[in-house]
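Remarks on the structure that follows.
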Amino acid sequence: MILHEQKQDDIDIVVLLGRFIMADAPEARERIKNLIDNGSGKLIIDMEKVTFIDSSACAVLISAFKNMQVKPGRLLLVTSPVVQSLIELTRLHTIFEIVPSLPAAISAFAA
Numbered sequence: 006m007i008l009h010e011q012k013q014d015d016i017d018i019v020v021l022l023g024r025f026i027m028a029d030a031p032e033a034r035e036r037i038k039n040l041i042d043n044g045s046g047k048l049i050i051d052m053e054k055v056t057f058i059d060s061s062a063c064a065v066l067i068s069a070f071k072n073m074q075v076k077p078g079r080l081l082l083v084t085s086p087v088v089q090s091l092i093e094l095t096r097l098h099t100i101f102e103i104v105p106s107l108p109a110a111i112s113a114f115a116a
């Protein structure tokens, strides 16, 4: 997995590419938590180009959700079809705010 961090205005964006698996979970969890702790409370996790996700990656997302609730802040997910399928299968779509694209996520913070 490749993880890029970027910022647009006061929005922190994490872009994930490739396979998001157990080996990637510790680094991803740490970097996302750091953004939550030190950021503006606006976070987008863009997984539009993630080709595979496992349960460890889901745990990272749940951890981010919980940390963002403590902050408090708002977390938006952009998902690929593969990620969307797993999120729906695990019923995580009931807790996450999912948007169709990165531009839509950025616009959602402006609304």
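Once you know that position 2 of the sequence shown is 7 in the working numbering, the rest is easy, because the numbers rise by one and skip nothing. C-beta: ideal position from N, C-alpha, C; glycine also.
Span separating the alpha-carbon of residue i from that of residue j
i      : j      : result
Thr56  : Val19  : 16 Å
Lys12  : Leu94  : 31 Å
Val88  : Ile58  : 6 Å
Ala113 : Ala28  : 32 Å
Gly44  : Ser90  : 29 Å
Gly78  : Ala109 : 18 Å
Arg24  : Ala62  : 10 Å
CB contact flag (residue i, residue j, <8 Å)
i      : j      : result
Glu53  : Leu97  : no
Phe101 : Ile111 : no
Thr84  : Ile103 : yes
Ala69  : Ile37  : yes
Met73  : Leu80  : yes
Asp51  : Leu8   : no
Paired residues, beta bridge with residue i - DSSP
i     : result
Asp17 : Lys12, Leu48
Leu81 : Ile49, Glu102
Val55 : Gly23
Residue interval of the alpha helix (DSSP H) (run including residue i)
i      : result
Met73  : 60-75
Asp42  : 30-43
Leu4   : Limits of the chain in this structure are 6 at one end and 116 at the other, which puts residue 4 out of reach.
Ile111 : 107-115
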